[in-house]
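The structure appears right after this line, and notes come after that.
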Ligand code: B12
Ligand code: SF4
Ligand code: SF4
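Numbering (our numbering), first residue to last: 1 to 394.
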């Protein structure tokens, strides 16, 4: 059994305040374990209502997501980190139809969600957390910690809210009052036994470290939500994937279709994808908290790690459709686009070309129709039909 390491919250905050900026981490907080999660029922209802978009990994160990001590019985505190990937969504990037992606000549960047334009956060954020935890071990040599981002079975947004890193929006994203929602989350169960933290299950008033304070004078715990009467994200979602009560339906989300599903968008709903090729930012781009966030933290997030890679900044839809598997591997290894596989990205680009009415690409699209992959050939045939029709089948 791993013995706990006794720490004061003020000591931990001082260490995190010293180390987070060095490691490109913008927010850090802690939650006492085990904790009752105030919104746990939402999670169970979500699974029961089959809103998980066939993402089978979410159905495994549903209880582990709400209790990290099941798999890590030695854990006393969950550390939670936030790392920005964008400094908000500027007005020019907030076209509700598809963040600018429906414009025929939209650049590659407008077609790819902001989180995915640079390096893969599973490498960048996880690496930063590991290095920071290594430095904490210089102070507390018996520290045990298992960092994870996305990969571990944790309800990261719920834990992050409890740690004071933001509130929960109707778009289901975690939103910091100054930084908006353009940041990744990572968690680490640890054997730190921290005195001076809010009681388990109680949201913190503020994180232990934040690059900019969420408010000048926090008055009590971070509220669960600060959406007020706003419903912009629900209204802007092109597939009606968001529900006021039930949250997001991953079966209907463009993010699921273009990233997770090997077959891509359902055949009768491809039009809703607009000119998007990978991921979807619409419900974040229209959020007033993100409109206000631009520049608040002073300077770009984490140097260039998440900035659009200039090497493929000029990539046109024609090149994406014709990209060979070798070129895909050379370009997109260690980027989030890797998850789509070459054929998935090609199919997404075919749908985007048809929806963006790129009739100039008809020959390339027709060529894709000869693909040995039956799914790609079928999507290409659909795209050819649309491009040949006079009115684009609208
Ligand atoms: C599966 C998954 C998806 C699925 C399903 C998304 C979803 N909303 O559930 C799909 C593929 C659609 C997806 C898309 C995206 N994802 Co994703 N995804 C995940 C993953 C792996 C699990 C999410 C999960 O458990 N969902 C189940 C639901 C029930 O849980 P939940 O949304 O977290 O909600 C809980 C609480 O937050 C609360 N709650 C939720 N909404 C609300 C609203 C109110 C008003 C209240 C009071 C409470 C509340 O109740 C729930 C139970 O506790 C997490 C990583 C992780 N391990 O958590 C990343 C994660 C949520 N994704 C992330 C990102 C960046 C995205 C995209 C922006 C990527 C993109 N541009 O395409 C989109 C955003 C779409 C959206 N609006 O959510 C980030 C979000 C960071 C942030 N600041 O919020 C995470 C945390 C990954 C990370 N490590 O950074 N994702
Ligand atoms: S990511 Fe796009 S498709 Fe998914 S809920 Fe948000 S706006 Fe809708
Ligand atoms: S757009 Fe409005 S309703 Fe949606 S998350 Fe932002 S503030 Fe909340």
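All C-beta atoms in this analysis are idealised placements derived from N, C-alpha and C, irrespective of residue type, glycine included.
Since residue i and residue j are thought to touch, with beta carbons under 8 Å apart, how far apart are those beta carbons, to the nearest angstrom?
i: residue 214; j: residue 177; result: 4 Å
i: residue 280; j: residue 169; result: Going by Cβ atoms, the distance from residue 280 to residue 169 rounds to 15 Å, so no, they are not a contact pair.
i: residue 208; j: residue 28; result: 5 Å
i: residue 308; j: residue 118; result: 6 Å
i: residue 19; j: residue 158; result: Contact flag wrong, Cβ pair sits at about 25 Å.
i: residue 373; j: residue 343; result: 5 Å
i: residue 150; j: residue 122; result: 6 Å
i: residue 55; j: residue 260; result: 6 Å
i: residue 270; j: residue 351; result: 5 Å
i: residue 200; j: residue 35; result: 4 Å
i: residue 195; j: residue 9; result: 7 Å
i: residue 164; j: residue 204; result: 3 Å
i: residue 30; j: residue 197; result: 6 Å
i: residue 53; j: residue 253; result: 7 Å
i: residue 46; j: residue 314; result: Rounded, the Cβ-Cβ distance is 40 Å, inconsistent with contact.
i: residue 256; j: residue 120; result: At roughly 18 Å, the Cβ-Cβ gap does not stay under 8 Å, so residue 256 and residue 120 are not in contact.
Please classify residue i as buried or exposed, where buried requires at least 16 other C-beta atoms within 10 Å of its C-beta.
i: residue 82; result: buried
i: residue 293; result: buried
i: residue 186; result: buried
i: residue 21; result: exposed
i: residue 333; result: exposed
i: residue 179; result: buried
i: residue 363; result: exposed
i: residue 238; result: buried
i: residue 273; result: buried
i: residue 60; result: exposed
i: residue 57; result: exposed
i: residue 389; result: exposed
i: residue 13; result: buried
i: residue 135; result: exposed
i: residue 15; result: buried
i: residue 262; result: exposed
i: residue 419; result: Nothing in the structure corresponds to residue 419, since the chain is present only between 1 and 394.
i: residue 330; result: exposed
i: residue 267; result: exposed
i: residue 264; result: buried
i: residue 88; result: buried
i: residue 156; result: buried
What does DSSP give as the partner residues of residue i in its beta bridges?
i: residue 82; result: 27, 185
i: residue 176; result: 180
i: residue 209; result: 28
i: residue 194; result: 7
i: residue 167; result: 175
i: residue 112; result: 278
i: residue 148; result: 187
With a threshold of 6 Å on Cβ separation, who are the neighbours of residue i within its own chain once the five nearest residues in sequence on each side are excluded?
i: residue 248; result: 172, 241, 242
i: residue 44; result: none
i: residue 115; result: 85
i: residue 191; result: 2, 4, 5, 74, 76, 144
i: residue 306; result: 85, 118
i: residue 25; result: 81, 83, 128
i: residue 67; result: 34
i: residue 17; result: 209
i: residue 175; result: 166, 167, 169, 181, 289
i: residue 140; result: 5
Please return the same chain residues whose Cβ sits closer than 7 Å to the Cβ of residue i, not counting the five positions on each side in sequence.
i: residue 394; result: Low local confidence applies: a pLDDT of 47 at residue 394 is under 50, so the model's placement there is unreliable, with the coordinate-based value given in what follows. Contacts found: none.
i: residue 236; result: 96, 282, 283, 286
i: residue 113; result: 278, 279, 280, 281
i: residue 328; result: 342, 345
i: residue 369; result: 377, 380, 381, 384
i: residue 371; result: 377, 380
i: residue 353; result: 317, 321, 361, 365, 383
i: residue 298; result: none
i: residue 227; result: 169, 170
Skipping 5 residues on each side, what residues in its chain have a beta carbon closer than 8 Å to that of residue i?
i: residue 148; result: 126, 154, 186, 187, 188
i: residue 224; result: 38, 39, 161, 167, 168, 203
i: residue 245; result: none
i: residue 51; result: 246, 247, 248, 249, 250, 251
i: residue 340; result: 258, 259, 278, 348
i: residue 324; result: 342
i: residue 42; result: 247
i: residue 65; result: 43, 153, 154, 155
List in chain order: all unbroken beta strand (DSSP E) runs of 3+ residues lying wholly within the region 6 to 80.
27 to 32
Return the chain-ordered ranges of every alpha helix (DSSP H) run that is complete within the region 216 to 282 and spans a minimum of 4 residues.
232 to 236
What alpha helix (DSSP H) runs, 4 residues minimum, are completely inside the region 283 to 351?
288 to 293, 317 to 322, 325 to 332
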